[in-house]
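Numbering (my numbering), first residue to last: 857 to 1064.
Presented below is the structure to which this report refers.
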């Protein structure tokens, strides 16, 4: 299956679980919110992947920064899961399997990140305040970028889809997590998200 079709199929699954208004039931809301976040991330990757071959030469740096914003968003999402969100589920709801799956695609996304950063001039800001260090700048190559995405897309989407099944409301209830505990998880997560550094995409990125 092509990378584009893999992404489209996963988006369809996420949309099924995140359609309509946010559920009032706090257990259902966990799955709904995660599915929505995954839909956003995969839509972002699809957009980057499809646009990469039609970027004008004078817009390549803007596109690389745009692509790195996707990488930064994915990194932040999994950092939040590993360090804020899932630790709050323990010991009642074991999330070790969910977190362990991150290793199945992490090396691939790191290779993509390293390549994209190498295409920026040293000192360029990207993502959530990261700065490209000293390096020999490479010329952006869309074929190479797509090859790097191809290498991890199946593992990434498999994890994102599987994670939604782990968060089935019935499973959360069966774990013994109380409504108050799940509400606390949601409140801590919201506070963390609101503390994030605001990012600004490069100007004129819509022209890429």
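Glycine included, each C-beta is placed from N, C-alpha and C at the ideal position.
For residue 982, DSSP records a beta bridge to 986. Each of 999, 966, 859, 1021 was checked against the Cα of residue 909, and the nearest Cα belongs to 999. Just so you know, the alpha carbons of residue 955 and residue 1012 end up roughly 12 Å apart. For residue 892, the uninterrupted alpha helix (DSSP H) segment begins and ends at 882-907. With a beta-carbon spacing of about 19 Å, residue 880 and residue 1020 fall beyond the 8 Å limit used to define contacts. Distances from the alpha-carbon of residue 1046 to those of 950, 886, 1006 put 886 closest. Taking 4 residues as the shortest admissible run, the region 935-967 contains the following complete alpha helix (DSSP H) segments, listed from N- to C-terminal end: 952-956. The beta carbon of residue 1024 lies closer than 7 Å to those of 887 in the same chain, with the five residues before and after it left out.
The beta carbons of residue 957 and residue 1018 sit about 7 Å from each other, so the pair counts as a contact at 8 Å. Where residue 872 is concerned, the enclosing alpha helix (DSSP H) starts and stops at 859-874.
It is roughly 31 Å from the alpha-carbon of residue 898 to the alpha-carbon of residue 1034. In the DSSP assignment, residue 1005 falls within the alpha helix (DSSP H) that extends over 998-1006. The three-state secondary structure of residue 1024, taken from DSSP, is coil.
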